[in-house]
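The opening residue of the sequence shown carries number 1 in the numbering used here; numbering runs sequentially from there.
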Amino acid sequence: MIQVSGLSKRIKKTKVLNNVNLNIEGIYGLIGPNGAGKTTLLRILSSLTSMNEGKIFINGKDYTNGRYVKANKYIGYLPQNFMIYPKLTVFDALDHLALLKGMTEKN
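Dropping the structure here:
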């Protein structure tokens with residue numbers, strides 16, 4: 001389970017995310033219009049960027065204040081323009097990344 005409480009992100013003077021609260025159980029996709037903050041939220045949860053305010057709990061463990069860098073083993077993120085392996089299918093790219101993370105076919 002992922003719990004996000006009061007998450008905010010500013011880039012310069014612009015608030016990109018403002019007081020986001022989520023409780024996520026299971027596997028979900030994130031959809032919404034351009035500029036809604038989907039990518040920013042996923043980048044924060046994947047520890048690719050930092051948040052300015054808020055708390056993140058994954059499976060009941062507090063990953064706030066930089067500790068969420070260790071949480072990326074629980075989060076999968078495949079951006080739309082994944083250019084590392086442009087000739088791979090989505091399945092093959094995910095399979096390759098899972099192997100890099102040490103996952104087996106059984107996982």
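Where a beta carbon is used, it is the ideal one built from N, C-alpha and C, also for glycine.
- When secondary structure is reduced to three states using DSSP, residue 38 falls in the helix class.
- Between residue 56 and residue 20, the C-beta spacing is not below 8 angstroms.
- Taking the Cα positions, residue 75 is about 12 angstroms away from residue 59.
- By the 16-neighbour rule on beta-carbons within 10 angstroms, residue 63 is buried.
- CA-to-CA, the gap between residue 15 and residue 91 works out to about 35 angstroms.
- The C-alpha of residue 45 lies about 20 angstroms from the C-alpha of residue 93.
- In the DSSP assignment, residue 94 falls within the alpha helix (DSSP H) that extends over 90-100.
- According to the DSSP assignment, residue 17 belongs to the beta strand (DSSP E) that extends over 14-24.
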